[in-house]
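**Student:** Once you know that position 54 of the sequence shown is 880 in my numbering, the rest is easy, because the numbers rise by one and skip nothing.
Just so you know, even glycine gets a beta-carbon here, dropped at the ideal spot from N, CA and C.
The structure under discussion is supplied below as structure tokens; questions concerning it will follow.
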Amino acid sequence: MESAILGHQIHPKYIEALRLLNSIDANVLEFMFDYRKRGNRLTNSEIVIGLQQRQIENPTEEMVKESLYNLAERGLCDVNTLQGKPRYSDMNSENIYISHFGKKFLDIVTEKSSE
827 MESAILGHQI HPKYIEALRL LNSIDANVLE FMFDYRKRGN RLTNSEIVIG
877 LQQRQIENPT EEMVKESLYN LAERGLCDVN TLQGKPRYSD MNSENIYISH
927 FGKKFLDIVT EKSSE
């Protein structure tokens, strides 16, 4: 995904977010976006299945929780929690949404990669 936006004037915040993503994080974010835009509820086990379909080797629900936590820490996702700062134990995809920053990030990456 990084090569898709190199050479374009992009705010450094987006470049830094891109550099911090690993392949699992990028796939989870993209899968969540595709799934949610159809208005469907999403579970961690469904993300595991989606990762398997995308040829990610041996994905587990623990990997998904870690990825969701990484995405939330980087501001790409928000966690719907009533208890303040999200905790690792809150990483259930039913409670996680792509943030405004995450949507803009995906718009930039997909727009540039389709050129």
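Roughly how many angstroms separate the alpha carbons of Lys839 and Tyr895, rounded to a whole number?
**Tutor:** Distance between the alpha carbons of Lys839 and Tyr895: 19 Å.
**Student:** Give the secondary structure of Ile882 by DSSP, where H, G and I count as helix, E and B as strand, and everything else as coil.
**Tutor:** Looking at Ile882 - three-state DSSP - the assignment turns out to be coil, as it is neither helix nor strand.
**Student:** Which class does Ile922 belong to by DSSP, given the choice of helix, strand or coil?
**Tutor:** Here Ile922 sits in strand by DSSP.
**Student:** Compare the C-alpha of Leu855 against each of Lys891, Leu897, His926 and Met917 and name the closest.
**Tutor:** It is Leu897 whose Cα lies nearest to the Cα of Leu855.
**Student:** What residue from Glu899, Asn853 and Ile841 has the CA that sits closest to Gln881's CA?
**Tutor:** Ranking the options by Cα distance to Gln881, first place goes to Asn853.
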